[in-house]
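Quick note: the sequence shown uses our numbering, first residue 1211, plus one each step. Virtual Cβ for every residue (Gly too), placed ideally from N, Cα, C.
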Amino acid sequence: MDRLTSIALQVGAWRIDPQLGQMSCATQTVRLEARTMRLLLYLANRAGETVGIDELLDQVWSGVVVTQDSVYQAITALRRLLGDDAKQPTYIVTVPRLGYRLIAPVRAAEDPGSTVAPPSLPAPRAAMSRRIVLVCAAIALAGIAVFYWRSGLPDPRSVAVLPFLDLTSQAMDEEYFADGLTEELIDRLSSQAGFKVPAASASFFYKNKSLPPSRIARDLGVVYLLEGSLRESGNTLRIAARLTRAADGYVIWTKNFERPKADRLRIQDEIAREVVLALRESVP
């Protein structure tokens, strides 16, 4: 990739700062894992073009042996961070059987301390940028409202699934799998009659944040927190899951799972099914 990988970019409503490893929109700042940043930058460098999955594997996952599932999960995670909708995208479009295309406008970002007025965009693109900024600000305000919403005592069968931690290596090569497992658990629990589960967007707000469980549960309006982590040993993934009662911090259920790494999507489905069965027996 060329110089776009080292300079700050404006991608739609988001300012991307590769050297800081973060992106920001309005008052919201999001830290990006290194591979997520490389994926975003590569798509930005090819804005408007369809980039194939094999090309992304070669360029973003260079030197790492992974399957196409890693690309699917990485794109899903990136869309979530951008606040994008796969069905009505304003950032990343899926081109069936071909790959992905970044459709948001991309340009070099102005120096935050500069007093020079930014160059004007053509009318349609300027209008689109304004709309995206308004949408981003609305999402941020809605998120703040949700996190500080209070409605009395939470439902006794309310459970928040917090992002599973990738403890496999310093490179965090399994972070996308951990995120995918978290979303699968949220989807599974949400479909179970009687369970009240905050959406993935609410749970992922607390990723990489060191807050007391009682504070997280209070913000999300839940009684229980489901947490977990991933480790690896050779070709085996070890997944630890535990259910905590936030009010007193007591662990009321915990279990370890070991599965081969060959089929990550199948692992997600199996672990999610077993956790749901265990929760139905553990949560009154």
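query	result
Residue range of the beta strand (DSSP E) that includes Ile1462	1460–1470
Beta-bridge partners of Ile1449, as assigned by DSSP	Leu1440, Phe1467
Between the CA atoms of Gly1444 and Val1461 - distance to the nearest angstrom	29 Å
Cβ-Cβ separation, Phe1414 to Pro1373 (assumed contact under 8 Å), whole Å	6 Å
With 16 other Cβ atoms within 10 Å as the buried cut-off, status of Pro1364	buried
Beta-carbon proximity list for Ala1254, same chain, < 8 Å, skipping 5 on both sides	Leu1214, Leu1219, Val1221, Ile1226, Leu1312, Val1316
Cβ distance (whole Å) where Asn1466 is taken to contact Arg1448 below 8 Å	6 Å
Close-in-space but distant-in-sequence residues of the same chain around Gln1232 (CB under 7 Å, 5 per side omitted)	Thr1239, Val1240, Arg1241, Leu1242
Buried versus exposed call for Arg1245 [16 or more other C-beta atoms within 10 Å across all chains shown]	buried
Cβ neighbour criterion (16 or more within 10 Å) applied to Ala1370	buried
Sequence-distant residues of its chain with Cβ nearer than 6 Å to Ala1333 (five each side left out)	Confidence is the limiting factor: at Ala1333 the pLDDT is only 43, short of 50, which leaves the residue's position unreliable and the question unanswerable from this model.
The beta strand (DSSP E) enclosing Ala1370, as first and last residue numbers	1369–1371
Rounded distance between the beta-carbons of Tyr1252 and Ala1229, thought under 8 Å	The residue asked about is misnamed: residue 1229 is Gln in this sequence, not Ala. That pair is no contact at about 17 Å.
Extent of the continuous beta strand (DSSP E) run through Leu1219	1219–1221
Distance, Asp1397 Cα to Gly1431 Cα	18 Å
Boundaries (first-last residue) of the alpha helix (DSSP H) holding Val1316	Element bounds for Val1316: not the alpha helix (DSSP H) but the beta strand (DSSP E), 1316–1318.
Cβ-based neighbour list, Lys1471, same chain, cut-off 6 Å, excluding 5 preceding and 5 following	Asn1445, Leu1447
Chain-order list of residues whose beta-carbon lies under 6 Å from that of Ile1477 (same chain, five-residue window excluded)	Arg1469
Assumed close pair Leu1249, Leu1288 - CB separation to whole angstroms, cut-off 8 Å	6 Å
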